[in-house]
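As you go down the protein sequences, you meet chains A and B in turn.
For the record, in the first sequence the residue sitting at position 146 is 146 according to the working numbering, with numbers rising by one throughout.
For the record, in the second sequence the residue sitting at position 212 is 212 according to the working numbering, with numbers rising by one throughout.
Number of protein chains: 2
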Amino acid sequence: MTVGLVVQKFGGTSVGDAERIRAVADHVARTRRQGHDVVVVVSAMGKFTDELLRLADEVSPTRPPRELDMLLTAGERISMALVCMALTANGVESASFTGSQAGIITDTDHTRAKILEMRPDRIREALAAGQVPVVAGFQGVSTAKDITTLGRGGSDVTAVALAAALNADVCEIYTDVTGVFSADPRVVPKAQRLAKVSFDEMMEMAATGGRVLMLRSVEYAQRHGVPLHVRSSFTWEPGTWIVEEDPTMEQAVVSAVTDDTSEAKVTIGGVPDRPGVAARLFGELANRGINLDMIVQNTGENGLTDISFTVAVLDVDAARDACEAVRSEVGATKVTTDINIGRVTVVGAGMKSNPGVTALMFETLSSIGVNIQMISTSSIRISCVVAADRVEESVRALHSAFGLDRVGP
Amino acid sequence: MTVGLVVQKFGGTSVGDAERIRAVADHVARTRRQGHDVVVVVSAMGKFTDELLRLADEVSPTRPPRELDMLLTAGERISMALVCMALTANGVESASFTGSQAGIITDTDHTRAKILEMRPDRIREALAAGQVPVVAGFQGVSTAKDITTLGRGGSDVTAVALAAALNADVCEIYTDVTGVFSADPRVVPKAQRLAKVSFDEMMEMAATGGRVLMLRSVEYAQRHGVPLHVRSSFTWEPGTWIVEEDPTMEQAVVSAVTDDTSEAKVTIGGVPDRPGVAARLFGELANRGINLDMIVQNTGENGLTDISFTVAVLDVDAARDACEAVRSEVGATKVTTDINIGRVTVVGAGMKSNPGVTALMFETLSSIGVNIQMISTSSIRISCVVAADRVEESVRALHSAFGLDRVGP
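Below, the structure written as structure tokens:
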């Protein structure tokens, strides 16, 4: 990489204690010595957020969202001030900035605010003055001038949004794993670290159980053309680049196999196959704020059909209630739920030009006697719902069948 | 008290854990039920600030003041969010505000900033909306838009400044003692809680070793005519009112006896008694940023004199160096220091019209064989420097001699 502007984001484990914070400062100083300008984004230290939530539980059964945001944003304040102190000890001039000071303007939806506008004037000034700005991840200030948080994965969003606004050359996401893997290494010991993944692939992986990056920050990065580099703050070695797909490059047919057992299946059966039924059903679910994932409907016999969908396990009771509420109105016969399901997914940008992937996936699952309950696809992804207790062996079999197993010890 | 606006400030021990925070919320709710509008000011929880400083020590040997302020202001953020949650559980509508949000504008002198301006618009709006604003003590925002802290006793200053700006009827300072006492109860078991103290008396007490309130917040309160009420957040009973002296009331001759062993004495001896010597000496001390307290000079024999002054024990070496630096220039013969000294002080607004106080003080100290090394007085105070190991018995003897001992068990 030529000399340029690098945004470096450090997650909770990367700033988990004094020693880790000093290591982060060493790395930032090293990056500066290579001639780069650096903007640092930090999360709260390790388990600090959990401690604050435990304290809140002790104090009150209710947590007004505005106050929850005020409470949790203390975390990044601590880590960023400590990182600046460690940078000073390294001879690197720096200054910390809250989300508000960094010009991260959000809507007023506390605990899961969306960024409306980036006005990082003070960050630009600090860079121009030769300083390393250290910015609080996860937090912003609303149009009503209240402190907000960006929800799960919010620090990554902060980093990507700053990289986009500052036109950075790369946004480095430092974490406790060495990159993005071809499968969860806890499930597939032979999983390999991927050197490069396209934004589209990464989004499909994030949406189907990949745990390294949240969908939201990848989307933001793609929309603004910010290359991401996911790497380890423990080994500091190069990790996985997430970049725009290069049309001149040959793509791996399948890059990764993901798994997700956090969902449940709901089936509404014996539905008359006529217009408006699905609209009524999914309208009711939407009204109740239930997010659906996979939806499958087959035209059945006798003009009747089954509609199945998956929801987060936490929402399964609410989803059943919603279905029951419209059951007689739409003329369905019954509603069933199953929380013992999981999803296995193969993702690969090269799938678009390789029609055999679906067949190999089904064959592989069939060969180990795994029954497929639902199927859903995109141009670069195939997902199958299977029994939860068959998920891990399915992932291993698919990882092997698609030639992803690491060679050697 | 008639219905009005009350500012209630809770110190670190008053919000030290979840149970204490719930007790604070109960008390605020009670005050609201009595019909008062309430503004709450909170410090960081108990030992939290010490924990943050320990963490900073682990991370780095240097602490840039700007970052130290960013670090420490996390503390009030946590306690105020938790207080709001507890208020919500009590059915009281509230909202937390950082120093910046509360419009506390300071200079840029990090770690000991001074308030330049109060713009508590959001606090007024919250009150108008029927809410209890909960404000972070100790912190503000500088004219350079950086987070600042107000130094020792800063949360009291925040409370008094808000009470002044909002024209509150009283500023209640809740702490872990039940009020202001006629002497430190650890030194004088028969010390009594004072029902009422004048601003002038309280300032003399704060300046000479009284530990309940800092000089600065009392000065601010007097300047803006804000009545203070120091009371306990453990018993919730009425404590000590600190108010403007009422000229129609008869004053106690002596209200309190204070002690202070945090200072050392420096003497520069054999100084020629001619104009300019003191100016040269104290100019040098001021240039080195050394704060002096008592200064005593006697005209001696042979045109030579001794000049003695007291400084904080921490500054004694620097003070000696400063004196040595000018010694030959001013023609002095020697510089001596003594860290084993202490100060005992009697304070009383009624002293102005009672000329016998000085005599009784000297007689009392003489009767127990205590030698007086230095004397300094104001219209309502007499201080004597004595040997450090005689301070406590001197305080007890004076407390008794001036009729302050509590009657009964």
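We put the CB at the ideal spot given by N, CA and C, even for glycine.
What do you reckon, are the CB atoms on B/V141 and B/T106 nearer than 8 Å?
A contact, by the Cβ cut-off of 8 Å.
Quick one: what's A/L304 bridged to in DSSP?
A/P272
Restricting to Cα atoms, I'd like to know which of A/D315, A/D273 and A/E301 is closest to A/L285.
A/D315
List in chain order: all unbroken alpha helix (DSSP H) runs of 4+ residues lying wholly within the stretch 78–129 of chain B.
Complete alpha helix (DSSP H) runs here, min 4: 121–128.
Short check: CB of B/V83 to CB of B/V40, under 8 Å?
yes
Are A/A264 and A/T310 touching if we call contact CB-CB under 8 Å?
Yes; because the gap between Cβ atoms is below 8 Å, this pair is in contact.
Could you tell me which chain A residues have their CB closer than 9 Å to the CB of B/Q101, listed as they occur along the chain?
Chain A residues near B/Q101: K145, D146 and I147.
Flag this pair as touching only if the stretch 85–102 of chain A and the stretch 125–145 of chain A have three or more C-beta atom pairs under 8 Å; answer yes or no.
yes
Among A/G269, A/I123, A/E201 and A/D69, which has the Cα closest to the Cα of A/A252?
A/E201
Can you check whether the C-beta of A/S198 is within less than 8 Å of a C-beta belonging to chain B?
no
Local conformation of A/S142 per DSSP, three classes
strand
Taking Cβ-Cβ distances below 7 Å as the criterion, which residues of the stretch 107–120 of chain A are in contact with chain B?
Contacts with chain B (Cβ-Cβ distance below 7 Å) from the stretch 107–120 of chain A involve no residue at all.
Just the Cα atoms here: how many angstroms apart are A/F199 and A/E219?
The straight-line gap separating the alpha-carbon atoms of A/F199 and A/E219 is approximately 8 Å.
Would B/K9 be called buried (16 or more neighbouring beta carbons within 10 Å of its own) or exposed?
B/K9 is buried by the Cβ-count criterion.
Assuming B/T111 and B/D69 are in contact, meaning their beta carbons sit under 8 Å apart, how far apart are those beta carbons, in whole angstroms?
6 Å
Cβ contact (3+ pairs, closer than 8 Å) linking the stretch 153–170 of chain B and the stretch 181–201 of chain B:
no
So which of B/E393, B/V254, B/H229 and B/A89 has the shortest CA-CA distance to B/T178?
B/H229
CA-CA distance, A/V330 and A/P272?
7 Å
Identify which residue in A/I242, A/S378, A/A325 and A/I173 has its Cα closest to the Cα of A/A195.
Checking every option, the nearest Cα to that of A/A195 belongs to A/I242.
So that I know if they touch, is there some Cβ in chain A lying closer than 8 Å to that of B/I104?
no
Confirm, please, whether the CB-CB distance from A/Q139 to A/G99 is below 8 Å.
Their beta carbons are under 8 Å apart, which means A/G99 touches A/Q139 by this criterion.
Can we say the stretch 29–48 of chain B touches the stretch 57–64 of chain A, given the rule of at least three CB pairs closer than 8 Å?
Below 8 Å, too few C-beta pairs join the stretch 29–48 of chain B and the stretch 57–64 of chain A to call them touching: fewer than three.
Give the DSSP bridge partners of B/D259, in chain order.
B/V344
From the beta carbon of B/E201, is the nearest beta carbon of chain A less than 8 Å away?
Not an interface residue.
List the whole-angstrom C-beta distance separating B/A322 from B/R274, where the pair is believed to meet the contact cut-off of C-beta under 8 Å.
In fact, because the Cβ distance is near 20 Å, the residues do not count as touching under 8 Å.
Please report the Cβ distance between B/S232 and B/D293, rounded to the nearest whole angstrom; I am assuming they are in contact, meaning their Cβ atoms lie under 8 Å.
Not confirmed; about 30 Å, so no contact.
Under the assumption that B/T240 contacts B/V197 (Cβ atoms under 8 Å), give the Cβ distance between them as a whole number of angstroms.
6 Å
With 8 Å set as the bound, which would you pick, yes or no: does the beta-carbon of B/I78 sit closer than that to a beta-carbon of chain A?
yes
Inter-residue Cα distance where the pair is B/I307 and B/D260
Spanning the two alpha carbons is a distance of roughly 21 Å.
For a quick check, are the C-beta atoms of A/R162 and A/V7 less than 8 Å apart?
It is worth fixing the name first, because residue 162 of chain A is Leu in this sequence and not Arg. Going by C-beta atoms, A/L162 is nearer than 8 Å to A/V7.
Quick one: is B/E58 near chain A, going by C-beta distance under 8 Å?
It does: the Cβ of B/E58 has a partner Cβ on chain A nearer than 8 Å.
Of the listed residues B/S376, B/T267, B/K47 and B/N354, nearest to B/R320 (C-alpha basis)
B/T267
For chain C, check one thing: does any of its Cβ atoms lie closer than 8 Å to the Cβ of A/R30?
Among the protein chains of the structure shown, namely A and B, there is no chain C.
I want to see whether chain B comes within less than 8 Å of A/R124, judged by CB atoms only; does it?
Answer no: the Cβ-Cβ gap between A/R124 and chain B never drops below 8 Å.
With C-beta atoms as the reference, is B/T73 less than 8 Å away from B/T143?
no
Residue environment, B/L52, which counts as buried when at least 16 other CB atoms sit within 10 Å
B/L52 is buried by the Cβ-count criterion.
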